[in-house]
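I have placed the structure first, in the form of structure tokens, so that the comments after it can refer back to it.
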Amino acid sequence: MSQADNSSQIYSNEAIEKDNSLHATSENWFEYPIHVYPHHTDYQGVVWHGTYTTWLEEARIEYLRSLGLNYSELVALGCDLPVVELSIRYHKPLQMGEDALLRARMMEMSGVRIHWEYEMKSLDRETKYITAQVTLVAVDREKGKIMRSLPPAVKDLLVKT
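In UniProt numbering, the protein residues as written are 1 to 161.
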């Protein structure tokens, strides 16, 4: 892979150094409403499986924004948070026109790894659609390498949650 092609680099968990100076967890759930539009579905009106990953990211970005961190500010600091692990358990498919509530929380932050947990349920919370876990890692946008630590402003904000 050429140096010019760093954007397509796959980041290995083995390359992430453990930073024992920072370890945080959160019990706070962020709730993100979902409405299923036609473009979210296949020809049978069932939500396409890849749509859920988009909703996970939207909820995560909105959660950070609600804490006072716009993703564009993170990028301006030279940091990106790519997904290095993703696991989704599909319990029941959503249909076109349905509404749901996607709950997201930062489950654990250890060094530059940030683990998120999600659950999507019906508005009455009786039907579970998905559960998911996502792991992000802080990457230096310019160098294309995993950072040794999160930018201080980001660290401080996430530790408070």
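Cβ atoms here follow ideal geometry from the backbone N, Cα and C, with glycine treated the same way.
7 Å Cβ cutoff met for residue i and residue j
i     : j      : result
Met96 : Leu158 : no
Arg89 : Thr131 : yes
Ser66 : Gln133 : no
Buried or exposed by the 16-neighbour rule on C-beta atoms within 10 Å, applied to residue i
i      : result
Tyr37  : exposed
Gly68  : exposed
Trp55  : buried
Tyr63  : buried
Arg60  : buried
Leu123 : exposed
Val75  : exposed
His39  : exposed
CA-to-CA distance, residue j to residue i, given in whole angstroms
i      : j      : result
Val47  : Leu94  : 6 Å
Cys79  : Pro151 : 8 Å
Glu117 : Lys143 : 29 Å
Glu31  : Lys160 : 18 Å
His91  : Pro82  : 26 Å
Arg141 : Glu57  : 19 Å
Thr51  : Gln44  : 15 Å
Val154 : Leu77  : 10 Å
Chain-order list of residues whose beta-carbon lies under 8 Å from that of residue i (same chain, five-residue window excluded)
i      : result
Trp29  : Arg103, Ala104, Arg105
Lys121 : Ala100, Leu101, Arg103, Thr127, Lys128, Tyr129
Ile34  : Trp55, Leu94, Asp99, Ala100, Leu101, Leu102, Met120
Glu27  : Arg105
Arg125 : Leu101
Asp42  : Trp48
Glu85  : Asn13, Gln133, Val134, Thr135
Sequence-distant residues of the same chain with beta carbon closer than 6 Å to residue i, five excluded per side
i      : result
His115 : Met107, Glu108, Thr135
Ser21  : Legend: pLDDT at Ser21 = 43, less than 50; position of this residue unreliable, no value from coordinates given.
Ala4   : Low local confidence applies: a pLDDT of 46 at Ala4 is under 50, so the model's placement there is unreliable, with the coordinate-based value given in what follows. Around Ala4: no qualifying Cβ.
Spatial neighbours of residue i in its chain, beta-carbon cut-off 7 Å, leaving aside the 5 residues before and after
i      : result
Val112 : Ile16, Asp19, Val137, Ala138, Ile146, Met147, Ser149, Leu150
Asn70  : none
Proximity test, Cβ basis, 7 Å: residue i and chain D
i     : result
Ser87 : Absent from the structure: chain D. Only one protein chain is present.
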